[in-house]
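Single-structure report; data block below.
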Amino acid sequence: MNGAESLVRTLVAAGVDTCFANPGTSEMHFVSALDKVDGMRSILVLYEGVATGAADGYWRMADRPASTLLHLGPGLANGLSNIHNARKAASGMVNIIGEHASWHLAYDAPLASDIEGLARPLSDWVKTSPRSSTIGADAAQAVAEARLSRIASLILPGDTAWEEGGIIASPITPSAPPVDITAVEAAARALMNGDQAMLIIGGKATRGKALELAGRICGKTGATLATQFFTARVERGAGRVSAFRIPYFVDPALAALKGFKHIVTVETREPVAFFAYPDKPSLLKSPDAEVYQACGPRSDGLAVLEALAEALGARPSHARYQERTDTPLPSGALNQQTIAQILSALIPENAIVVDESVTTGRESFALTAGAAPHDWLQNMGGSIGFGLPVATGAAVACPDRRVISLSGDGCAMYTLQSLWTQAREGLNVTTLVFSNRAYQILRVEFAGVGAGAPGKKAAEMMSLDNPPLDFVALAKGMGVPASRVTTCEELVAAMRRDLREPGPRLIEVML
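In my numbering, the protein residues as written are 169 to 679.
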């Protein structure tokens, strides 16, 4: 057995059965091993940023890591943007990165690079396997690291892949970090202090039993339950505990948090501004507010909330649940509000919404609170080109659920190759591209940072209308049926049709 085969067999034994791949010459023995090993689903993507984004979406919905297969340093570099987003979302993944054979590195071949140097800033664990006999053990450790919500990057030199002597390693069971009882007790005192308090949840605390416990705690104490503006995955909709979303822009966020004297965080940190702005603070809270971190990201938020609920005497009867909103379907012009109303009415039960709608989707989150129960995934790292790949990975993880991908037109162009993979795999993804033919968010931020009024050159840097993008043609060129809508009535009809059809569909929403 060569090293590559031992790697694939070890991954499968450890529960990693999906690989989003864009291989090259140095990874051919890994590709060959896929034919020899049952249990690994290999999914071809046309760009490495799609592979890493899909692995992020897979983790968020499956709660276990997928692997990626990337070609040398440039392939890793192409995937780093969505690795950044995944790391900020505490998504675990195992990156398998091909490398030249060890004896070839001395000759500085065209694709030679410092792969460890590229991987380290955005990885939590990096290792180059030194020989075929160690690859299995290294792979088992990489999976254990990824299961702790970490980015693991395993570099595979060509000679260690093709040489015999590979050994299959047994899975490693990682241990969860313990609950800090002192921090829980401090959080309990803060919530029961009598002053206005807020409980901010993130990570896995925004879903399942943890979300319900957070609702109990806030019902018992009178605290406000909140999330950051961006959250990796929120279970929401009718019948679920709802949480206040802290505003994105600094002034509204400061106004919303002004009266809170105590802020408790679970699986997240205190709220900070997304960017720095002249004469505005970075921290989105009152200067005299105290922050208590019951646990940080990548912690066991469920265990912490169980301990906190017990300490406070919070019971199931204390929780309050979101009612179903009977949203009437609007007619006429499409805008932020009418699009949100349509989504609220038409999101199917148990759907997965992946949101990279940027400016057009500003209204969507609040106005869909009372929709049918669904999951909502957001971009934690801010690097655009997140939405379509994450929707791809989510659909692979949950083939029986409908995924709705909301994307701005500028964002969609970063990783549009995702559509080809969706068509190839027959994934149930309905993509809405909001076509305002501009980087509209940059126009807003241009004013926000005090850059003045844009002149001709500046305006051209934020425009996508010369030439105009044709997403219907682009989608059809990658095998995805597509349509274009200009009114509410057309969008309603298109969504009703496409949400019933198997496989991927795209709707270009003209604004």
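Note that beta-carbon positions come from the ideal geometry of N, C-alpha and C, so glycine has one too.
It should be emphasised that the depicted structure is a prediction, and the values quoted were computed from it without experimental measurement.
**OP:** Assuming A222 and T560 form a contact by the criterion Cβ under 8 Å, report the distance between their Cβ atoms to the nearest whole angstrom.
**Re:** 5 Å
**OP:** Could you tell me whether the stretch 358 to 366 touches the stretch 506 to 515, where touching means 3 or more Cβ pairs closer than 8 Å?
**Re:** no
Original post:
Under three-state DSSP, which class holds K426?
Top reply: coil
Original post:
Can you tell which of G469, G390, A540 has its C-alpha closest to the C-alpha of D363?
Top reply: G390
Original post:
Near N246, which residues of its chain fall below 7 Å by C-beta distance, leaving aside the five closest residues on each side in sequence?
Top reply: Y215, E216, G217
Original post:
Using a threshold of 6 Å, is the CB atom of S317 nearer than that to any non-hydrogen atom of the ligand ADP?
Top reply: Among the components of this structure there are no ligands whatsoever, and the ligand ADP is therefore not found.
Original post:
What does a CB cutoff of less than 6 Å around L291 pick up in its chain, not counting 5 residues either side in sequence?
Top reply: A quick correction: the sequence has Ser, not Leu, at residue 291. The answer, listed in chain order, is I319, S321.
Subject >> Presumed contact (8 Å Cβ cut-off) between S573 and V597, rounded CB distance >> reply: 6 Å
Original post:
With a cut-off of 8 Å, do at least 3 Cβ pairs link the stretch 368 to 387 to the stretch 340 to 351?
Top reply: no
Original post:
To the nearest angstrom, how far is it from the Cα of A201 to the Cα of S586?
Top reply: 25 Å
Original post:
Under the rule that 16 or more other beta-carbon atoms within 10 Å means buried, what is Y489, buried or exposed?
Top reply: exposed
Subject >> Counterpart residues of R228 in DSSP-defined beta bridges >> reply: Per DSSP, none; premise fails for R228.
**OP:** Go through its chain and collect everything with a Cβ distance to F442's Cβ below 7 Å, but skip five positions before and after it.
**Re:** Y416, G550
Subject >> Between the CA atoms of K256 and M581 - distance to the nearest angstrom >> reply: 22 Å
Subject >> Reduced DSSP secondary structure (H/G/I, E/B, other) of N263 >> reply: strand
**OP:** For K453, count neighbouring Cβ atoms within 10 angstroms of its own Cβ and tell me buried if that reaches 16, exposed if not.
**Re:** buried
**OP:** My understanding is that N547 touches N253, with C-beta atoms under 8 Å, so please give their C-beta distance in whole angstroms.
**Re:** 6 Å
Original post:
If we count the other Cβ atoms within 10 Å of its Cβ and call it buried at 16 or more, is S410 buried or exposed?
Top reply: buried
Original post:
How is the beta strand (DSSP E) around M366 delimited, first residue to last?
Top reply: 365 to 369
**OP:** With DSSP as the reference, label P325 as helix, strand or coil.
**Re:** strand
**OP:** Determine the closest residue to V311 out of G266, V262, A477, with distance taken between C-alpha atoms.
**Re:** V262
Subject >> Limits of the alpha helix (DSSP H) - the one that I520 falls within >> reply: Premise fails: I520 lies in the beta strand (DSSP E), 519 to 524, not in any alpha helix (DSSP H).
Subject >> Assigned secondary structure, L502 (DSSP; H/G/I helix, E/B strand, else coil) >> reply: coil
Original post:
With C-beta atoms as the reference, is S575 less than 7 Å away from E524?
Top reply: yes
Original post:
Between the stretch 458 to 478 and the stretch 492 to 500, do at least 3 Cβ pairs fall closer than 8 Å?
Top reply: no
Original post:
Nearest CA to the CA of L600: which residue from A344, P242, G370, L679?
Top reply: L679
**OP:** Between the Cα of I211 and those of E593, S603, R228, spot the shortest distance and give me the residue it belongs to.
**Re:** E593
Subject >> Close Cβ partners of V199 (< 6 Å) along its chain, the five nearest in sequence each way excluded >> reply: P191
Subject >> Contacting residues, own chain, Cβ-Cβ under 6 Å from A654 (five flanking each side not counted) >> reply: What sits at residue 654 in the sequence shown is Thr, not Ala. Answer for T654: M678, listed in chain order.
Original post:
For V184 and chain D, any beta-carbon pair shorter than 7 Å?
Top reply: Considering every chain present, this structure includes no chain D. It has just one protein chain.
**OP:** Pick helix, strand or coil for I552, following the three-state DSSP scheme.
**Re:** coil
Subject >> Cβ-based neighbour list, L480, same chain, cut-off 7 Å, excluding 5 preceding and 5 following >> reply: A356, L359, M360, I385, K388, T389
**OP:** Mind checking which residues open and close the alpha helix (DSSP H) that includes V180?
**Re:** 171 to 181
**OP:** Using a threshold of 7 Å, state whether the C-beta atoms of A181 and P339 are closer than that.
**Re:** yes
Subject >> Residue from H430, L674, T395 whose Cα sits closest to the Cα of V648 >> reply: L674
Subject >> Among S259, E403, V612, S603, the one whose alpha carbon lies nearest that of A627 >> reply: V612
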